[in-house]
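Colleague:
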Amino acid sequence: MRSFDKPLLGLAQKKHIIKINWCPTRHNLLGSLQRDSSAIHLHDVQQSVDEGEATVLERSVRPGPSNQLTSFSWHPKDESRLLTISIAGMLTDYCVVERMTLNWSPSFHIVWTHGRKTLKTISSKDKIYQDIEDISLKMFRRAKLYYGLLPDLGQNGNLAEDESLKAVWKMLSYCRKLVDDGTIPNIADLKHPGIRTVFGLDRNTYMSKSECIKTQWTDVKSSVKVYTSLERDVALQLCGWKLDSETPLETVLEKLEVEEEYARAAALATFYLHLTRAIQLLNHGAGSNPRLSIVSMALAGYSAQSSGLWRQACMESKQQLTDPYLKAIFAFLTADGDNYDSILYEKCLNIEDRIGFACRFLSDSRLIEFLTKLTAEYMEEGKLNGLLLTGSCKEALPLLQKHLDNTGDVQTVSLIVVRSFPVSLVHEDVILQDWVNSYRNLLDSWRLWVHRAKLDILLNASKPPPQQVFVSCNFCKKSISAYLQGMKKGATGGVGGGGNKFNMSTAAAAKYSTSPNKHKITSCPHCRKPQPRCAVCLVNMGTSASHTCIPETGAPGDTSDSLNLLYGRHSAARSRAGALVHLNEFGAWYTWCQICRHGGHAAHILAWFNEHAECPVSTCTCQCLALDAANQIGSIISPPISS
Amino acid sequence: MYEAHSINAEHKDLIHDVAYDYYGLRMATCSSDQNIKVWDQDENGKWYLSANWKAHSGSVWKVTWAHPEFGQVIATCSFDRTAVVWEEVGPSPVQAEKTVHQWIRRTNLVDSRTSVTDVKFGPKSLGLVLATCSADGLVRIYEAPDVMNLSQWNLQHEVACPTLASCLTWNHSFSRDVMGCRFDIEIIGNLEEHSTTVWRVSWNVTGTIIASSGDDGCVRLWKSHHTNGFRCISVLKADGTQAKLPGASEPQPSSVGGSVGSRNQTGMTTSGGATSQQQPLVNPIGQSLAIKFMKLGAITNADQVPWH
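Going down the list, the protein sequences come from chains A and B. The opening residue of the first sequence carries number 13 in our numbering; numbering runs sequentially from there. The opening residue of the second sequence carries number 927 in our numbering; numbering runs sequentially from there.
Below is the structure:
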């Protein structure tokens, strides 16, 4: 029997309490009701095991709209259910919701607690999850398909399942092709120059003055001012608007026709002053869109001295057109002098066409003004097509940042950076590093390690990371890897290793490549101590594994079998060459058991374990073969074919 | 009508926290019944219990996983004024049929004089560090100097906060290299749809969607919008059925639902600090040699309702 001389716990309340009641279904939960209150206070008493003062977590719940409760009662069995009565006599049945915790996993699970003992989860397989269009799930799907890692830039867009991203990758691929071909000159060492780089807008180098030529329509007696200059040519090239003997207008139009982009083709033909061709194109397209034939009819009415009536009719019917290219055609024909604003600032046109048009028909000062405005427009909206303007350089960062803020698509942004930006920038810029590292971290947490590794390879193509594993001498601890790699850098390396045990500075995997000019290093060149001996042939390591390693047992058929086991599928070629297999680099590699640390030439060790399970060193009873997981799989070890 | 999948957690009392590991393949739960449970996923994605043990002598408030680089390590904190680091030592050989994994107590952090309310491992770029906060408002940061030895943790910093601390989080986007980069804390969205207390919030992996749970028994999903605002995109009732989206115009003056996110100027997508209720942000700032922890800002809500 406990006798208390003071209360265990005191709970001070502001108002007079009219009812208290322990919750029968939960430990240490006390409910209390104060006078003139609409809320029931819940006191969750936390009693520690030792003597310490108990603490209380308080919560209040409002069971109903009524503002004056007179009493309440817990349900004896149902979890946290209570009944309240108000001064107006209204009964309310209320269930106190337990505190819920929740979490969101990187593999697209959401879990939360329901009641006291149940967890509820939803995962990416559930429709409800798909409905919220989580960008991370989309990124995961794309990542699995090697999005952004395919060698051809343009193909990556196909994996995105997003038209605008597809266009961006296509644009990058096209631009890269032009630079690689030398079709456009190398500007500022950028792999992907933009229109602004071409005109030198970001470097404050003024572009050369353009020549203005009054160009005749091919079929209408009228002329239009067309501007040309060297820079404009390059810019048109980038927009895919450049025409020369190799790609005459006709090829471009035919290509568009095949893609059934009749309106765009007609617009291009018009901008290149071929009205008849434009009409013809529209008529071709009339099969799929009958409206086009009516438009073509209207076009046919155009002449230089078109009556005011035609002009007015065009203006009016333009309002009803929805296709931005058809609108552009009429805007061009009815343009007032050289005011082309309704074409230039038509956001539905492709960015290439807007820039291409501007490069052809705008004077120098207005072109610069337009490009500045256009850049601002794309920056503000964070549309990645804007890369055509900025090029892949520092100036594109705000654009990418905006896109990232809008979509959360750190994947596309990182991949574009890795694939198209100058390497030096990627390695120096903290923000870019952040993006790429967040994406790498995402890939890691999705366990897409192969994909991450491929990304790392792209990232470090110019600067491979340093060697991670070295062979060092057991006595003087000097590295011998440098020697083994052919002493390319004239490094001071020691060969060797002594005693009988193998020791590597990091015993993870021997990253060890032999040089074409094989050095015979049987002892450490630094301290002259011998390298360990191969446990099978008893020759010091550093010599090439002699071909006698292949046991010439039985008939050629047997040899072939054992070789099959040894070398996997490459063995067929080998066995035909006879039992005397030529040396290969792999044969001389250091191989050792991670447990007993005995080893030798890879070829010899393989041959030994083809017939034995136990270590080749006498008195060592290590079951090396049983430890080898690759042994069970078989063909993991497939050395390069030696010729 | 949509139903969520159920897992019978078999805890004997209220579950306080559920945490996923780095890959989202394992889950740990902790409860007032003083136990911790670890759940694994089988090939079909079904969760099964892989370990269960009595961890503390009081309610276990929070559980958190370390980066897998450090092994299978979790930390828990409890009302019993301790935080504990646990490591898995592989399945016990006795029960070969149903593998039950063993977890060993590696260290017991007993510095706090009051209930330890939250515990979190730091980003792995800082090494193996652990932050705890306790009901008296002290944030402690521990470091394991040797990642191979989980039983040695040194108390590195003790930061006092003016209010009682109920939860904390690390900022992952702060790297050591960023110097002197101030953290701007702005309320990027005030989500007022739970008409009552919000208990927990959680980001998706890219920081574009927030899930929140509140006293009204619903889980709500909020998606960030172009204009930096957040919009409620889904409401899930606690029992796993989907509730209808309430009309947009439903002003709730009593709401304390506030999600405060913080973005640094780089606009990282992996959002730094998700905060619920009140939460002091502890930001590591790289300085030439020693890392100093500075409080850059505190976030307070008008009506603070601590979980604990």
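All residues carry an ideal CB built from backbone N, CA and C; glycine is no exception.
Reducing DSSP to helix, strand and coil, say where A/V264 ends up.
Modeller: In the structure shown, A/V264 sits in a helix (DSSP, three-state: H, G or I).
Colleague: Using a C-beta cutoff of 9 Å, does A/T96 count as contacting chain B?
Modeller: No, A/T96 does not count as interfacial toward chain B.
Colleague: Are the beta-carbon atoms of A/L261 and A/L248 separated by less than 9 Å?
Modeller: No, Cβ-Cβ distance for A/L261 and A/L248 is not below 9 Å.
Colleague: Would a check of beta-carbon distances place B/G1199 closer than 9 Å to chain A?
Modeller: Because B/G1199 carries a pLDDT of 31, less than 50, the predicted location of this residue cannot be relied on, and the following value inherits that uncertainty. Not an interface residue.
Colleague: To the nearest angstrom, how far is it from the Cα of A/S491 to the Cα of A/L455?
Modeller: So the alpha carbons of these two residues sit roughly 35 Å apart.
Colleague: Given a cut-off of 9 Å on the beta-carbon distance, is the pair A/C549 and A/P542 in contact?
Modeller: No, these two residues do not count as a Cβ contact at 9 Å.
Colleague: Quick one: what's B/I941 bridged to in DSSP?
Modeller: BP columns for B/I941 point to B/S957.
Colleague: Counting beta carbon pairs with one atom in the region 171-179 of chain A and one in the region 229-248 of chain A, are three or more of them shorter than 8 Å?
Modeller: With the cut-off at 8 Å, the region 229-248 of chain A and the region 171-179 of chain A do not touch.
Colleague: A/A340 and A/L361 look like a contact to me (Cβ under 8 Å); what is the Cβ gap, rounded to whole Å?
Modeller: Yes, A/A340 and A/L361 are in contact; Cβ-Cβ is about 6 Å, under 8 Å.
Colleague: Which residue from B/I1136, B/F996 and B/K972 puts its Cα closest to that of B/A1235?
Modeller: Beyond the ends of chain B as shown, which are 927 and 1234, falls residue 1235 of chain B; an answer cannot be given.
Colleague: Let me see if you follow: with CB-CB separation under 9 Å, is A/F120 close to chain B or not?
Modeller: Yes, because at least one Cβ of chain B sits closer than 9 Å to the Cβ of A/F120.
Colleague: Note down the Cα distance separating A/K178 from A/G166, rounded to an integer number of angstroms.
Modeller: About 8 Å.
Colleague: Is the CB-CB distance between A/P628 and B/Y948 below 9 Å?
Modeller: No.
Colleague: A/P19 to A/T67, Cα distance in whole Å?
Modeller: The straight-line gap from Cα to Cα measures roughly 14 Å.
Colleague: Roughly how many whole angstroms lie between the Cα atoms of B/S1202 and B/G1140?
Modeller: No answer about B/S1202 holds up, because its pLDDT of 31 lies below 50 and its placement is not dependable.
Colleague: Using a Cβ-Cβ distance cut-off of 9 Å, determine whether A/L23 contacts chain B.
Modeller: Not an interface residue.
Colleague: Could you confirm whether any beta carbon from chain B is found closer than 9 Å to the beta carbon of A/H126?
Modeller: Chain B contact via Cβ: present.
Colleague: In angstroms with no decimal places, state the Cα-to-Cα distance between A/L345 and A/A370.
Modeller: If I take the Cα positions, the gap works out to 15 Å.
Colleague: Do you know offhand how far A/N486's Cα is from A/F621's?
Modeller: When rounded, the distance between both Cα atoms is 26 Å.
Colleague: Under 7 Å, CB to CB, which of the residues in the region 85-114 of chain A have a partner in chain B?
Modeller: Those would be V109, E110, R111, M112, T113 and L114, in chain order.
Colleague: For the region 398-406 of chain A against the region 114-132 of chain A, are there 3 or more C-beta pairs whose distance is under 8 Å?
Modeller: Not touching, per the Cβ criterion.
Colleague: Quick check on DSSP: helix, strand or coil for B/V1161?
Modeller: The answer is strand: DSSP assigns B/V1161 an E or B state.
Colleague: Taking C-beta to C-beta, are A/A625 and A/H613 nearer than 9 Å?
Modeller: Result no, Cβ atoms of A/A625 and A/H613 do not sit closer than 9 Å.
Colleague: Can you give me the Cβ contacts of A/D231 inside the same chain, cut-off strictly under 8 Å, excluding the 5 residues immediately before and after it?
Modeller: For A/D231, where only same-chain residues beyond five positions count, the Cβ hits under 8 Å are H286, L287 and T288.
Colleague: Counting contacts by CB-CB distance shorter than 9 Å, is A/M391 in contact with chain B?
Modeller: No, no contact with chain B.
Colleague: Give the range of the alpha helix (DSSP H) segment to which A/Y274 is assigned.
Modeller: Where A/Y274 is concerned, the enclosing alpha helix (DSSP H) stretches over Y274 to F283.
Colleague: Suppose contacts are defined by Cβ-Cβ distances below 9 Å. Is B/T1132 in contact with A/M151 by that definition?
Modeller: In contact: B/T1132 and A/M151 (Cβ atoms closer than 9 Å).
Colleague: Taking 9 Å as the threshold (beta carbon to beta carbon), is B/D1044 in contact with chain A?
Modeller: Answer no: the Cβ-Cβ gap between B/D1044 and chain A never drops below 9 Å.
Colleague: How many angstroms separate the CA atom of B/L1076 from the CA atom of A/Q606?
Modeller: Between B/L1076 and A/Q606, the C-alpha separation is close to 25 Å.
Colleague: Should A/L54 and A/S72 be called a contact, given that it needs their Cβ atoms to be closer than 9 Å?
Modeller: Yes, these two residues count as a Cβ contact at 9 Å.
Colleague: State the CB to CB distance for the pair A/I52 and A/L42, rounded to an integer number of angstroms; the pair is presumed to be in contact (CB under 8 Å).
Modeller: About 11 Å separates the two Cβ atoms, so there is no contact after all.
Colleague: DSSP three-state label for A/M183, please.
Modeller: Correct three-state label for A/M183: helix.
Colleague: Leaving aside the five residues before and after A/A343 along the sequence, list all residues of the same chain whose C-beta is less than 6 Å from its C-beta, in chain order.
Modeller: Excluding positions up to five away in sequence, the list reads S354 and I355.
Colleague: Measure the C-alpha to C-alpha separation of A/L184 and A/I199 and round it to an integer number of angstroms.
Modeller: For A/L184 and A/I199, the distance between alpha carbons rounds to 15 Å.
Colleague: Identify whether A/M553 lies in helix, strand or coil by the three-state DSSP scheme.
Modeller: A/M553 falls in the strand class under three-state DSSP.
Colleague: Identify every residue that forms a DSSP beta bridge with A/V442.
Modeller: Partner(s): none; A/V442 has no beta bridge.
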